[in-house]
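Take any residue in the sequence shown, count from 1 to its spot, add 18: that is its number in my numbering. In this text, a Cβ means the ideal position worked out from N, Cα and C, and glycines have one as well. Everything on this sheet refers to the single structure shown next.
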Amino acid sequence: MLTPYAYHLVNVFAETYFGGNPLAVFPQADGLTDQQMQLIARQFNLSETVFVHQTTESSAVRKLRIFTPDYELPFAGHPTICAAFVLHQQLNLPETYLLQTQAGLVKLFHEAKQICFGLQNHIEVEVIDDNLPQYTQLLGLSESDIAQIAWVNTGSRQLLIQLTSLNALKTCQIHPALFQQIVKQSALYLWFVEQNQANVRLFFGSNGAVVEDPGTGSAAANLGGLCLKNGLTPLNWRIYQGDEIQRPNRLTLQVDESETIYVGGKVIAVGCGELFVPSGEGEPSQGSR
Numbered sequence: 019m020l021t022p023y024a025y026h027l028v029n030v031f032a033e034t035y036f037g038g039n040p041l042a043v044f045p046q047a048d049g050l051t052d053q054q055m056q057l058i059a060r061q062f063n064l065s066e067t068v069f070v071h072q073t074t075e076s077s078a079v080r081k082l083r084i085f086t087p088d089y090e091l092p093f094a095g096h097p098t099i100c101a102a103f104v105l106h107q108q109l110n111l112p113e114t115y116l117l118q119t120q121a122g123l124v125k126l127f128h129e130a131k132q133i134c135f136g137l138q139n140h141i142e143v144e145v146i147d148d149n150l151p152q153y154t155q156l157l158g159l160s161e162s163d164i165a166q167i168a169w170v171n172t173g174s175r176q177l178l179i180q181l182t183s184l185n186a187l188k189t190c191q192i193h194p195a196l197f198q199q200i201v202k203q204s205a206l207y208l209w210f211v212e213q214n215q216a217n218v219r220l221f222f223g224s225n226g227a228v229v230e231d232p233g234t235g236s237a238a239a240n241l242g243g244l245c246l247k248n249g250l251t252p253l254n255w256r257i258y259q260g261d262e263i264q265r266p267n268r269l270t271l272q273v274d275e276s277e278t279i280y281v282g283g284k285v286i287a288v289g290c291g292e293l294f295v296p297s298g299e300g301e302p303s304q305g306s307r
């Protein structure tokens, strides 16, 4: 027996119709097993697919489960914004509300031209001071190209490396074997900032390959957390991502005096339909990006 489940295709952090980071959201996913959700995410083969369930937290309107084609994520930025976009329309939600993720509650804000999420979570930062040659090999760059290396977690643990020039960001060459050794099932976020504009690139592993993500909200939140720990706040930055893979994404990053991190962007709906789901098999693995 096949059961139909409605889905929506949405581009997040999009300035144009075919820009942004594409994602599928299933707004009524109750009844799907973990195995089925993993198989559906693999079928769509997008960076993430998000499944909306009834919440187990009284203060949240819905619960989100976020899957890559390979594993489930505790939190990811653009799936959260995508789900908020669809749910706001379907449920007639207010301008501010909470969504539940596997990493905790996330506050959503609907502004005139964009949707933002806000985080005030405990920020974990582990600065890496040793073994710099390993990281220059990882990036195919020189030591002078690297300003700071840190593992950061505001909801999804990632490796952030600040570079000293835009040229280093554009010309880096990721070493796949070292990536698997150092980054594993997390993600690598490279960033360079000048005059409140941050140019960034994010890489993650998929089936043994290193893949570049066009737009990454969780990494932008981690960047905000790192800047907070480094004493560089309050800040209001515009983030440019995805240009190197011809998929421009534009994000906003703000950190205010209350130490709240806000990440946002524009959202464009591009399609919808139904997926017919049989009983699924196979165990999803766990990861963090």
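Check: Looking at ILE279 and ALA237, is the spacing between their C-beta atoms short of 8 Å?
Finding: no
Checklist line | Status (buried if at least 16 other CB within 10 Å, exposed otherwise) for ILE133 | finding: buried
Check: Under three-state DSSP, which class holds GLU33?
Finding: coil
Next item on the list: Since I believe VAL30 is in contact with HIS96 (beta carbons under 8 Å), could you give me their beta-carbon distance rounded to a whole number of angstroms?
Entry: 4 Å
Next item on the list: State the Cα-Cα distance for the pair HIS71 and LEU111, rounded to the nearest angstrom.
Entry: 16 Å
Margin query: Could you check whether LYS247 and ILE99 sit closer than 8 Å to each other, using their CB atoms as the reference points?
Written below: no
Check: So, helix, strand or coil for GLN176, using DSSP?
Finding: strand
Next item on the list: State the Cα-Cα distance for the pair GLN53 and ALA59, rounded to the nearest angstrom.
Entry: 10 Å
Check: Between the Cα of THR189 and the Cα atoms of LYS131, ASP261, GLN138, which residue gives the shortest distance?
Finding: ASP261
Next item on the list: Under 6 Å Cβ to Cβ from PHE62, same chain only, skipping five residues before and after it: list those, please.
Entry: ALA42
Item checked: For THR98, the three-state DSSP class (helix, strand or coil) -> helix
Note to self: Quick check for students: name the residue ranges of the beta strand (DSSP E) that lie wholly in the segment 171-237, counting only runs of 3 or more.
What the structure shows: 176-181, 205-212, 215-224, 227-231
Next item on the list: Classify PHE294 as helix, strand or coil using the three-state DSSP reduction.
Entry: strand
Checklist line | Counterpart residues of HIS71 in DSSP-defined beta bridges | finding: LYS81
Notebook entry, point to check: Hey, VAL143 and LEU244: beta-carbon distance below 8 Å or not?
Noted result: yes
Check: What distance in whole Å lies between the Cβ atoms of LEU137 and LEU126, which are believed to be in contact at a cut-off of 8 Å?
Finding: Not a contact, Cβ separation roughly 11 Å.
Checklist line | Inter-residue Cα distance where the pair is TYR115 and LEU123 | finding: 10 Å
Margin query: Checking the sheet assignment: what are the DSSP bridge partners for LYS308?
Written below: Within the shown structure, residues of the chain are numbered from 19 to 307, placing residue 308 beyond reach of any answer.
Next item on the list: Would you list the one or two residues that DSSP bridges to GLN259?
Entry: ASN267
Check: Just the Cα atoms here: how many angstroms apart are VAL145 and VAL170?
Finding: 8 Å
Notebook entry, point to check: How many Å lie between GLY37 and PHE135 at the Cα?
Noted result: 20 Å
Check: Taking just the CA atoms, how far does ASP163 sit from VAL285?
Finding: 34 Å
Next item on the list: Enumerate in chain order the residues of its own chain whose CB-to-CB distance from PRO302 is below 8 Å, with the five nearest sequence positions on each side excluded.
Entry: Residue confidence is low: PRO302 scores 42 on pLDDT, short of 50, so the model does not pin down where it sits. Its coordinate-derived value is still stated next. Excluding positions up to five away in sequence, the list reads ASP52, GLN53, MET55, GLN56, PHE85, TYR89, GLU90.
Margin query: Let's test the definition: count the other Cβ atoms within 10 Å of the Cβ of LYS202 and tell me whether it reaches 16, buried, or not, exposed.
Written below: exposed
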